[in-house]
Structure formats: C-alpha cells, structure tokens
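So the protein sequences, as listed, match chains L and P.
Here the first sequence is numbered in my numbering, starting from 1 and rising by one per residue.
Here the second sequence is numbered in my numbering, starting from 645 and rising by one per residue.
The beta-carbon is built from N, C-alpha and C at its ideal position, and this holds for glycine as well.
Everything on this sheet refers to the single structure shown next.
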Amino acid sequence: MILDSKIPEGALAEKWDKHKFNVKLVNPANKRKYDIIVVGTGLAGASAAATLGELGYNVKAFCFQDSPRRAHSIAAQGGINAAKNYQNDGDSIYRLFYDTIKGGDYRAREANVYRLAQVSVDIIDQCVAQGVPFAREYGGLLANRSFGGAQVSRTFYARGQTGQQLLLGAYSALNRQVAYGKVKMYPRTEMLDLVMVDGKARGIVVRNLITGKVESHSAHAVVLATGGYGNVFFLSTNAMGSNATAAWRAHKKGALFANPCFTQIHPTCIPVSGDYQSKLTLMSESLRNDGRVWVPKTVEIAQRLRKGEISVNDIKEEDRDYYLERKYPAFGNLVPRDVASRNAKLVCDEGRGVGSSGLAVYLDFADAINREGQPAIAAKYGNLFEMYAKITDENPYEKPMRIYPAVHYTMGGLWVDYNLMTNIPGLYATGECNFSDHGANRLGASALMQGLADGYFVIPYTIGDYLAQTPYDKVSTEHPAFKEAEQNVMGITQRLLSIKGNRTVDDFHKALGQIMWDYCGMARNAEGLQFAKQEIRKLRDEFWQNVKVTGVNEELNQTLEKAHRVADFLELGELMVDDALHRNESCGGHFREEYQTPENEALRDDENFAYVAAWEFTGTGNQPVLHKEELKFENVKLTQRSYK
Amino acid sequence: MAGSNPNAKPMDLTLKIWRQKDKNSAGQLVTYPLKNISPDMSFLEMLDVLNEELLVAGQDPVAFDHDCREGICGMCSLFINGRAHGPERGTTTCQLHMRHFNHGDTITIEPWRAAAFPVHKDLIVDRSAFDRIQQAGGYVSVNTGGVPDANEIAIPKTIADKAFDAATCIGCGACVAACKNASAMLFVSAKVSQLAMLPQGKVEAKTRVENMVAQMDVEGFGACSNTGACAAECPVGISLDNIAMMNREYLGAKASSENV
C-alpha cells in the first residue's frame, strides 16, 4: 500500500487556494442527491454537519449523548488560536504555521498545518457572526491572550469556557439545519460498525442506546468526527463517554491508524485523590499566563510539607524553585505542554513533589494577585478557581493550586490525506479523530481551531470533490454488506452478554489504564513497553473470559455500552504500545527514556523517524503492518526545539 | 491520598433511589445501604461505587446521565433530597462532593420530574424538548463563510459580558425540575436574551422569541409564575433578568407581529 497524502503542488502559501480551484464541484441542484453521514457532534462534527446541510447535502448526524450540545468539545477552557494579528504584536499566518510545526516537534505535515493557519482567521469571523460572545476590550473589539508555545497573543477566548461557547455556536448552526430538514439528528445513538460496499465507505451500523435496536444507515460518504482516544488511560480529562469505538471499528475495516503513541499529557490538572477517582479535571493552560509553577528547592522541605509539619505559605521565597522560569527563561511558565509535563514529572521523581502523594507541583497566583488585585484575577479565571475549590475544598486565592499532568488529548488518529479522507474511499476523519495537524505535541488553543477548521472550511470543499465523482445511486440497507455488519455488531453484543464472568468492565478499564499510564505515559522505554504489551494481551484474554455484563441488549444498558468501548480500548492500547516501541526516538509527547539530550530534552532522530507511522489492522492479536508516509520539510528547517 | 482533608472519616449512607425499568413502567424508590464513602468523592463517584457493588452482586446498576464530570456539559441531572443538583448552590451534581453530607445521612435521589421530560430509565430523562426549542429559533441565520471581519462588529464590553452570562446556560434542565410548574422559561430566555442583546441577533429577534416560546408551549412545559426557584437552583447562575427581558421581547414582538 502506498500512502498518497495528495498534497497539492506549488508554493506552501498557494496550495490551498489552488486546490480549492482544482477540486470538482457538485452543482447546487445535484447536492440534494447525495447523503452524508456525520458521526460525532463536537466542534468538528457539528460544524461539518451544519455546513454540509447549508450547502444542500442530505446529512444524518449521530451522537451518543442525549443532545449534540454535550459533546466533549464543550469542556475546552482556554481558547482558540487565530492569526488575526489584532494585537499588532508580530503574528502572521506564517508564524502560527511555524509555531504549530515546531510545537509538534516536526512530526506534522507542512501543507496541512499551513492551511490550518490560513483558515484560522475565518473561524473567528464565523463564530462572531453566529453570536459567540468572545471576550472583548472596553473599545468593543475582541480581546486576546497568550498561550504556551507562542510569544504572541493570538488566543481568542470566552472566559474559561471557550469550548462551550464555540460548540453552542456550532450547535446553533446545526439546529438551524435540523429545522430546515437538511440535517436529521440521531442523539443517544452509537456507531458500532462501518459498512463498505465495493471498497468504499457506504454507511454505518448503530445501536439505539434507549431501545438497544441495531440499525443501518446508508450514505455516499461517512465523516467520523468522534474525538480522541485518551480514555484508553481510564483516568483522563476526557468525558466519561469519550471513546474510540467508531474510529477503531473503522480501523478494523481497513482504515489506517496513524501515530497512535502520540498522546498529550496536560501539565495542569487537579491531582488524583483516591482509588474511586473517575476522571481528572483540567485547569486551563491559560492559568500559566499568571500562575507561577514551583516546588520546594530541596527534598527535605518537600518531605516536611508532605507530612504536614509546615504549610506551603511558610516556605520562604529563596526555598522555592520556579523550575520552568529557571530552565526556560525565554518562555518561562509558558513552555509547551509536553515540556511542562515532563519537568513536573522530573521534579516529582526527584522527591520534590507536593501534596500528600508527592505527585503534584504548585501553580501559584500570589504574585499576580499582588500585582493586579484579586478582582482582576477573578475576572480572568473565576470559574476555574471555583471549580478547583469545589473539587479540592481549598481556596486558590489563598494557597497555590496543586497540579499534576494528566492525559488530555491524542495527536494520533485515523490516517487522512490532505482532503481529510482516510485510505478508505468515502471515509473521512476530522478534528481530534484524525492525526493530521499537531504532530507529536499539540499547542494550547489549537484543538478548537483544528476542529472548526476541518468542519467549517476544509471538508465542505474536499468532500465535494469525491462526491462529484460518485454516482447518485443509493445502496439499500438490505444490501448483504449491511446485514453482515449488523450481524457482526449483534455478535459482539451477544458474546459480551454471554460471558457472565466475575470482573466488572470498569475494573478491566482501570487495569488497562494503569498499564498504559505506567509504561506508555509521560516516559516510556523499550523494556517497559514490551512488558506492557504482554500485560495488555493477558488482560484482553481475561476480559473475553471473565467480564461481567448484566442485563440484555434490548434496553438502556450502560454496562453494555461501556463493554463495547473497553473491548476496543484493549486492542487500541496494544497498538499504542507497538507504535511507541517502534519509534526509537523521542519527540513531543512521545518521550523514550533511551533517547534524550544531556538536559533531559526529547532527542529526535530525523534521519530515521521523520515519517507518519500508519498502522494496518491484521486481526486481533496479530502484529499490525506499518506503512510510512515520509514527511517532507521544504519550508521549515528541522532543529532541536528550544524554549530557553 | 492528596485529598484536602486527610482526617475526614469515611461515612455510611442510606440511599433511596428511583428505579424505573423504562418509559412505560411504573417506578419506585428502592433503598440501598452504602458504606465507607470518602468525603472527597464526587456524588457521581459515590454512585459509581454503588453500581460496582450492584454489578458484583449480579443486580442491574442504577442508570444515570453523566459525561464531562466538570460541570459544563449539562448531562448530569439528579434531584437530590428534593433539590435539583443537590444542596450546594451553583453546583452541578458532578461537582457536588460527599463532604457536604454526613455519616448516617439518608439521601433520596430522583430524576427530573416534568411532563416534558419523560423518564427513559431510572434517573435518566428525555430532554430532547430542549433541542426542539433551540431548533425553533436559537440561532443567527448565517451560513458558513461570507461573514464580515470579526472586528467590524464592535460590541460594548458590558453588553458582551451580559450576553456571555446568558450564554453560559448548560441546558441541564434544573430550572424545569426546580419549578413547581415545570416551566422552561429560564432556559428559553437565556438564549433569547443572549441573541437579543447582540447586534448579530437583533435582526431576527422578533421571530426568534415568538417561535421559541411557541415551541416551548407545544412541548408541554408549564407557565412561569415568577417564583424564581429556577434561578435559585441554576448551577451556572443564569439570572431571572433574562425572563424579564424575554417577556419584553415577546410583548414587543407580538405587538407588531405578522403572525397574530
């Protein structure tokens, strides 16, 4: 199999414009002859469904939540990047492109990232037109703030709930199309298989989560906007329902999975407090604009603190180590997420961590409060401070926050070409579900940008190119391919229900998460990864012999829903380990302990690993086949990333 | 472990939980004893513990809606001891922690009660009426592309901030659950006011308020009698002012409506 990225010819800045001219168009009267399925209604899915509906296509949109408004994009806090240069501080499309490529540690495609930076400016215009209430200055124009990995202020925000406001904007556009009858919405419906006819994606099989009924839907193209797979780790900042099942089942039908080991561990999350913990809560990266990260200078002080012999406010200024400011004077507390997370792990491994577990560092706002006053800080971060206080019962205005890294985002995902089409004709992947724009590490405020770029401004063009070359004929859901996929789904369900074992789904999920966190988390090494692979296989075998799923299919059965998802995580986890094991270098969020500089920074191997690793499924338990897409850097020079 | 209060003792509780097989079955409160609950647990984590125990015992776990567990998605929806989202003000159920309960407490947990929110199972209700109200007009009619530069629309900060306050509604339905009439006025007014305040939304303000209110009535929500229970129980503090604003908008629209 040869992976063709279909990157257009020509100069970087002209590729997208040229491509938009060269793609084939479907005339307005013919658009209504095409049906498109969109799975997932977060930023990437809702924006795509709404825009495709506006264009005149017949869209069916699916989400597992009770309403499209609840997709997990809603929880994004800090902001959305755009190269507007409203602040006149030196930003440009090229700088956003450059920062994103560099932030991704040179493992993303130049052409995709440049296009992302180009359309970023249109996103802000679109959202404002929809009535998204971004933060504004007293003059009535839009406000910006800065984010990690950038030295300009290009992040647009709506207090600490930017994702909510952007998603509600996309949801409103989606609702308008539902009202017009151009989008049919299927909430509480979960995709459990992809249907292919003559080698092309022609539909999906879903389970109605209220009745359990398994149903087929046919279309001319399928768009997966189903988010990331961070919940492989059980504990993450993802929503409880976030899952990889749609993407994984498409992978099992032949879609390649790219760079699965590139996971982002976010540096500022509330630390784990007990075994019952069900999820981890992010504290927005925007807090690092004003919060200073530190730990005690010595292990002794840290120990006394952990034992409760002294309190944090007793520690003298000279006994504090603001380690990010010390090591990275140019970027300070605003280094990219992978760097901040790794350094938090380093100081905790040295024994200088805080909190009773020792697995936390401080994020301190005392200086900012002294400088600007508590009301100014509350105006910027009030809802985050409240959330912190609710969860920890501590007041962050008086005591520094305790934070620790947690799994947050997955840069890997389904392999797509420049058109966002997977290697399966007619199957597209957008937003976090694909792998394309963030390389080995995503910069803050870039996930919202990518989701909306893909949905509003990329796929509406590129999907037309494919459909223009596709006959109008519909495939009946009575086609044997649909019946076979339905049988497959019902077969998995029956198998899960008939095991009647002794161990719960959550228990398996937690065990998997622990393996992934210990051996395929912030730092990895070959020995640990090999061990993890065996452990995952053992756990998966046990799952299929001993899992306990109660109830029946024909009802609202949340245990069964989880069982399907965890069954897939148990396969995906092994692929992540395979990918991490094969990539004998460190880059971005993938830190292999064997490959580091004397200063403990990631040591890339551009000669051997400047490629996208796209994996082909060959059967559960079989070794997947690696396909490589070489990354060509024609505009940026590959250098050791430095934030010093 | 790293919990805020290492000396806090685990507690034993008695739960009375609404169990209902499906939309067409009758439901009832069932009592479950639960031991050794950490005060640092969230309320939903406490229910996770119960469900694991039920599963191990081979019983059907309690179905409840939840997703982000960060207080923003609006999916969680429990009526706890007669209060929407429980005893803490300005808090969703997922952000409610067990430290607000005491050892030996009996806690009653029910679904939202409203004719427009039929029960799917146990504590899960059908809130699709909210989506249909939004579909009736909760948007600005702009297609993707072809819009002006974002900074061509200057909006006074005070207006933008007020619109933002209204826009933070999470659509959980606590306002309906808290209201003795099961009125959806707070939910509907939040979107109506957000868009009526902003220049982008003013163009369609009249038809929007007429259509959304009409759909609200179709869905079977009750009338508003201005008791303010909705705003008092709203987890994100949506203000009663929005209802006043919607009433003004509605009267204005009706006074000059072409639909009368």
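Straight through space, the alpha carbons of Asn695(P) and Val706(P) are spaced by roughly 6 Å. In the three-state reduction of the DSSP assignment, Pro480(L) falls in the helix class.
Residue pairing by DSSP leaves His19(L) without any beta bridge partner. For Lys562(L), there are no neighbours in chain P by C-beta distance under 8 Å, as the nearest C-beta there is about 10 Å away. Interface criterion not met: the Cβ of His509(L) is under 8 Å from no Cβ in chain P. Per the DSSP secondary-structure output, Ile204(L) pairs in a beta bridge with Leu194(L), His217(L). Gln596(L) has Ala602(L) as its beta-bridge partners, per DSSP. Neighbours of Leu688(P) across chain L, judged by C-beta separation under 8 Å: Ser278. As the crow flies, the alpha-carbon of Ser900(P) is around 36 Å from that of Arg757(P). The DSSP-derived three-state label of Cys720(P) is coil. Residue environment for His747(P): exposed (fewer than 16 other C-beta atoms within 10 angstroms of its C-beta). The alpha-carbon separation between Pro267(L) and Val26(L) amounts to approximately 46 Å.
For Tyr157(L), no chain P residue has a Cβ inside 7 Å of its Cβ, as the nearest lies near 11 Å away.
Contact check between the segment 435-448 of chain L and the segment 27-35 of chain L: fewer than three CB pairs, one atom from each, fall below 8 Å, which does not count as touching.
Take the alpha-carbon of Gly521(L) and the one of Gly589(L): they are about 9 Å apart.
Under the 8 Å criterion on CB atoms, Leu657(P) is classed as non-interfacial with respect to chain L. Setting aside the 5 residues that flank it on each side, Arg136(L) is surrounded in the same chain by Leu142, Ala143, each with a C-beta closer than 7 Å to its C-beta; the list follows chain order.
Closest in C-alpha terms to Leu346(L), from the list Ile124(L), Leu96(L), Val295(L), comes Val295(L). Cβ-Cβ separation between Ile265(L) and Pro405(L): approximately 4 Å, consistent with a contact (criterion under 8 Å).
For Thr559(L), the chain P residues whose Cβ falls inside 9 Å of its Cβ are Asn695, Leu699, Asp704, Pro705, in order along the chain. Among the residues facing chain P, Thr462(L) is not included, as its CB has no counterpart in that chain under 8 Å away.
Of all residues in the segment 167-190 of chain L, those with a C-beta nearer than 8 Å to a C-beta of chain P are Leu168, Tyr171, Ser172, Ala173, Asn175, Arg176, Val178, Ala179, Met185, Pro187, reading in chain order.
In the DSSP assignment, the residues bridged to Gly160(L) are Ala158(L).
If you keep only unbroken alpha helix (DSSP H) runs of at least 4 residues inside the segment 772-804 of chain P, you get 772-779. With a cutoff of 8 Å on beta-carbon distance, Val636(L) and Tyr98(L) are scored as near each other. DSSP links Gln672(P) through a beta bridge to Arg663(P).
In terms of beta-carbon proximity, His72(L) lines the interface with chain P, with at least one pair separated by less than 8 Å.
With respect to chain P, the C-beta atom of Leu141(L) has a partner C-beta closer than 8 Å.
Within the DSSP secondary-structure output, Phe62(L) pairs in a beta bridge with Val39(L), Tyr186(L).
Residues of chain L whose Cβ lies closer than 7 Å to the Cβ of Arg771(P) are, in chain order, Asp66, Ser67.
Residue contact check for Met387(L) against chain P: a CB pair falls below 8 Å.
Residues of chain L whose Cβ lies closer than 9 Å to the Cβ of Leu842(P) are, in chain order, Gly131, Pro133. Where Arg402(L) is concerned, the enclosing beta strand (DSSP E) starts and stops at 401-410.
Contact between the segment 556-563 of chain L and the segment 207-223 of chain L is established, with three or more Cβ pairs separated by less than 8 Å. A straight line joining the alpha-carbon of Leu448(L) with that of Tyr106(L) spans about 21 Å. Counting only unbroken stretches of 3 or more residues, no beta strand (DSSP E) element lies wholly within the segment 819-851 of chain P.
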